[in-house]
Amino acid sequence: MCLNLVLCCKYQYVTAAMPNPTSTTVAVVIGETQWQILETNSDEHIIKIHGLRYSKCRAVLFHTFCIGLCGIPYYVFSYYPRCHRFKYVNCSLKTADTIGLTDEKKFFQVEKVTDIDLNLTTYKDSHLRYFMYQRNRYVWINDQSSFVNVQALNERVTMGFLLENISGINKRQQQELMKLYGPNSAEVEVKSYWTLFVNEVFNPFYLFQMFSIVLWSLDEYYQYATCVFILSAWSCMQALHLTKQMSRNLHDMAGNTSNFTVTVLRPSRGGREECVVNATRLVPGDVLVLPPDGLVMPCDALLLTGSCIVNESMLTGESVPVMKGPPCPSTEVYCKDSHKRHTLFAGTHIIQTRFYGNNQVLAKVLRTGFYTAKGELIRSILFPKKFEFQFHKDAAKFVFFMVVIAAVGMSYAISLYVQRGSNLYTMILRTLDIVTIVVPPALPAAMTAGIVSNQRRLRKNKIFCLSPPRIIISGKLQVMCFDKTGTLTEDGLDFYAVIPNYTGERFGRRVVDVNLLSAKSPLVQALASCHSLTSIQGQLKGDPLDLKMFEFTQWILEEPGPENTRYDNLTPAIVKPATAQDENLQNLENYDPFTMEMPYEVGLLRRFHFSSSQQSMGVIARVLGQPQMVYFVKGAPEKVASMCSPESLPENFNTILNEYTSNGFRVIGLAHKKLDRKMKWASAQKVKRDTLECDMVFLGFLVMQNSLKPETTQVIKELHEANMRQVMVTGDNIMTAMSVARGCFMVQPHQKVLLITLSGQIAMDNRPGLNMEVVGETGSPKMSMDNYVIAMEGKTWSVMRAQYPELMPTVLTKGMIFGRFGPDQKTQLITALQDEGLIVGMCGDGANDCGALKAAHVGISLSEADASVAAPFTSQEQNIRCVKLLALEGRCALSTSFAIFKYMALYSFIQFFSILILYNYYSILGNYQFLYIDLILTFLLALSLGRAQPGPVLTKQSPPVSLVAISSILPLFLQVLLVLLLQLAALYLLKAQHWYKFEEIEDKNEELIGSWENTVIFIVSAFQYLIMGGVYAKGWPFRQPFCSNYYMVASLVTQSIVLFVLLLVPWKWLCGVMQLQMVDYTDQAKCIFRLYVLLIPVLHLILSLGIEATLSDTAKFSALFAMIRRRCKDKEEPKPDACPLWPPRSPAHVC
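According to my numbering, the residues represented by the sequence shown are 827 to 1977, in order.
Below is the structure:
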């Protein structure tokens, strides 16, 4: 083998270095590259890189500035890394010692360029320059004057090139390639508790809490400071434990390749020799020797010889073992998706290997480290795609607004204390105290408490969440995409019938008993041999469809091995009828050529495993005693029909096919072909599949029944009633998909399905023509697009995406059924819907859905495979009921987060107004008053808000998502204004009393706490906290009714009693602790005044409920504005007569 899979050939090296010329943009200034745009492999992640060189002079200035400000800029710049660019000067990428990277979110970071010696004969430079980004290595290609991903060097490699040399590479070549690709390791470091602690403590949230604790301690507010410190420490420890646990789980999943060794081939003078090496030293080009008893694959490799039985449950979640074999030499470019039946993926378990004769089972290393399928999975977890949810963005804006309010309050407090002549210490203390009041440190804890409750309830429903913020996002789901098989329908298939194609008989007769078919007919032979089943410990394992098909034949499978040594090793497996008229016909040991006829057995010589691109599988077989081999194939009926000669296809082929597929059946086509008598076993192992799959004879249909899961129809109906759009995206037949969509009421009875297909013609604008037909009707679609939903296949999607961008908005708006979609196309559909500004969910159960699950805002995996950890949610219940539960919980979480945020904002404003009012009267709330408000009242109510249960049904109305929308800001502003006016009204009521007298104090630094002003403001504001908690506890329709939240009801009742006691009949010791005015029962005027004060909370409750009931209802608010807009419009805009999707006056529907 040459030094590299691609570097050995100059032409291949140059083309592989830039696999896609459009994926890299380079800027050249005076002949040298200054910057470059790279598109990474995953999620179409685009980064812009700049060449930088470290400047000592600039670095000295930078560090001097930071040290001069006590190191504070170091902390600030850690959140604004672009500021570190000051230490560097721009230069060309060729001479750069540092690379500056900017992603599409404008996040900037720097990475060091490493320069090492490299001695590869086909590599022109004597040294290698590279930098690392998100565990990927980017190497400098001098000829291209750009950096490329090192994995690009292995792209565009043909199958013939990979199969050329099976002797491996020598040790020197391996060492040099090790420098190029790095070690074969996808290990995830488990950080120490100290490192995690430092990262956690320097979070702005904890720093602000530490600042608040110090400030409260200086103000002798030790009680609350101690409570916050304990809560913060407990929260920090919980976060550290959770982060450490997740890190350990990820480390265990990634594994450690340094713990075991593998056997590789090295070229030698005598041919080749075996060497044992550590798995971390594997490089692309190494040839692995796979042991008979199997192993866990340490890398991605292409099977060269023999066959393997592989457990890929780590990737797919399916416990069914998969049989893999070597590919045929061809000029086809290798692709891990289209050639997965020949690829052994890292992390999968090879149960058993099989060989022919004395040959070894060999595999060539293709990818190592983080470039393997498992490595990419780990990377997707380490560096997840970031989403910007409107609620989170508005929350940040609102917090900034609160900071501005705090600045205004601080200015007012400073002017007040300056006029009063207070000392500097008191002025600073009281001014900074405003910050901790307006921006409450308990806000993140209160928000988190609600999410934790949602997460706990999801766990009880067997839904596990990897990303808690996604729970809130799921509350605004607009489009939910579903896979079909295993998600909407049962995972397994039930045998329904066989439709044989016999000469002289009209095609369409249904056969349900194999005994009605001749055992020696080609159809039965095809059913018994065209599969990927294998025997493991005496049990048949394989695809459920293959199992059902084989069980129908009532044949048995025997494979060579210790139990069946009488068979020739040239025959991998033999199938034969389980029973016969003469049992001796099935026993080779009793066979006598003079007295007995040849036993009836079919040897399976070579299998062509199922390929999603080929949509079929085939097997070369030979009936014992027959002079020639036979090739059997099964697959998608349309694909099988294209392989058959037209004479063998019945006239009513499409009619019968549509009859079954339109009723939801899974239909498999079967065909066979007799091969040339001169073809021997060796030729059969080398023949290309394309040469076999032509001029075949059609045998018939295998019809399988795939029933809906019991929960599917009801959940789909509920999602439809909630105005949540549903989309089916499957790899199955489009007709079957449309039938399932009808059966589960995804397509409503009044809706018509518009099927868009390729016409096979070229339109006048040189674009492929499109054919549009209404399923079940004849003629062109005549109604508006509102009456139709669109269905299409993957190949139509690819053409429309590339050639018809003007029609894509209509497809994305009305598209509902997408059949024959590959994994990449599923991801493309999810991304396209997101680009339309929609919140998109995806629910699937297999590895084919992994990319879509990662791309969706809300991905729900019904599989427990390792691949499913890339999805934010995993359900242990294998049905779509989890979608409804998650939507209910998400709406509850979003509504609750909205309520908590508004409540905490009101809490800040209530206390803000109270403090500023008391500052004017030389007063302030006492420590125990603060403690009661902050810890007992507010925090208890906020936690109780988070315990609200989700509503029982999904409603058409969805929770509001924007905190800065007029429907949110206006009622919140009115509530704030009402709070202020009622506090001022209470103070005015106090001043209006004839017995009231303002107490003057001589010491301007002293603050009077037990005054009437303090008592009135404390009581009124305390009631305001209770009232706003009750108002925002409104449940329906997204949460259970208010009375069902027992924590909130208990909190409101108990605290209302406490406040009534404090206002009307306080005990003496209680007044002393709370520093309130005692009740003088001999003074009737003061007793009556306390009753008057009680009227203010009653008035507040009535008015605040009125504001929430009218202005906070987004539906009513939208209806009001819509009515105003209609009245302002002179005339309504005319609606278009037809959708632009229709071709104008085209009887053939070809555009």
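All residues carry an ideal CB built from backbone N, CA and C; glycine is no exception.
- E1519 and A1127 have their C-alpha atoms roughly 27 Å apart.
- E1015 carries a coil assignment under DSSP once its states are collapsed to helix, strand and coil.
- In this chain, the alpha helix (DSSP H) harbouring Y1872 covers Y1872 to L1890.
- When C-alpha distances from P1117 are compared across Y1048, K920 and A1189, the shortest belongs to A1189.
- In the displayed model, I1853 falls within a helix according to three-state DSSP.
- Take G1752, set aside five residues on each side of it, and the residues of its chain with a beta-carbon closer than 6 Å to its own are I1835 and Q1901, in chain order.
- Annotated three-state conformation of G1716 is helix, per DSSP.
- K1499 has Y1457 as its beta-bridge partners, per DSSP.
- Per DSSP, reduced to three states, the secondary structure at M1004 is helical.
- By the criterion of a C-beta distance shorter than 7 Å, E1537 is surrounded in its chain by N1705, I1706 and R1707, once the five residues flanking it on both sides are discounted.
- Taking 9 Å as the cut-off, the beta carbon of E1316 is found closer than this to the beta carbon of S1533.
- Judged by their CB atoms, V1109 and I995 are nearer to each other than the 9 Å cut-off.
- Secondary structure of G1111 (DSSP, three-state): coil.
- DSSP places S1687 inside the beta strand (DSSP E), whose first and last residues are V1684 to S1687.
- Under the 8 Å Cβ criterion, the stretch 1581 to 1591 counts as touching the stretch 1610 to 1627, having at least three qualifying pairs.
- In this structure, the CA atom of K1465 is about 12 Å from the CA atom of M1522.
- Bounds of the beta strand (DSSP E) holding I875 are I872 to Y880.
- The three-state reading of DSSP puts M1522 in strand, counting E and B together.
- Using a 10 angstroms sphere on the CB of D1502, the tally of other CB atoms stays under 16, which defines it as exposed.
- Counting along the chain, the unbroken beta strand (DSSP E) around T928 starts and ends at T924 to D929.
- With a beta-carbon spacing of about 18 Å, Q1881 and A1774 fall beyond the 8 Å limit used to define contacts.
- Between the alpha carbons of P1778 and L1679 lies a gap of roughly 27 Å.
- Only buried fits M1149, as 16 or more other CB atoms lie within 10 angstroms of its CB.
- In this structure R1285 is exposed. Its beta-carbon is surrounded by fewer than 16 other beta-carbon atoms within 10 angstroms.
- Taking 8 Å as the upper bound for CB-CB distance, W1838 and Q1903 are in contact here, some 6 Å apart.
- Counting along the chain, no alpha helix (DSSP H) covers D1671, and no H or E run does either.
- Apart from the 5 residues on each side of it in sequence, M1730 sits with its Cβ closer than 7 Å to the Cβ of P1266, L1269, A1272 and A1768 in its chain, given in chain order.
- Secondary structure within the stretch 1509 to 1579: the alpha helix (DSSP H) runs of 4 or more consecutive residues, fully enclosed, are 1515 to 1518, 1538 to 1547 and 1560 to 1569 (chain order).
- Within the DSSP bridge table, the entry for V1159 names T984 as partners.
- Per the coordinates, the alpha-carbon of K1578 lies some 28 Å from the alpha-carbon of G1334.
- Sequence-distant Cβ neighbours of N1746 in its own chain, meaning closer than 8 Å and more than five residues away, are L1242.
- One thing to note: L1066 has its Cβ within 9 Å of the Cβ of Y1019.
- For C1101, the enclosing beta strand (DSSP E) begins and ends at G1097 to N1104.
- Within the same chain, and ignoring the five residues on either side of L1044 in sequence, the residues whose Cβ sits closer than 7 Å to its Cβ are L1255.
- Beta-bridge partners assigned by DSSP to P1594: I1588.
- By the neighbour-count definition (other C-beta atoms within 10 Å, threshold 16), L1483 is a buried residue.
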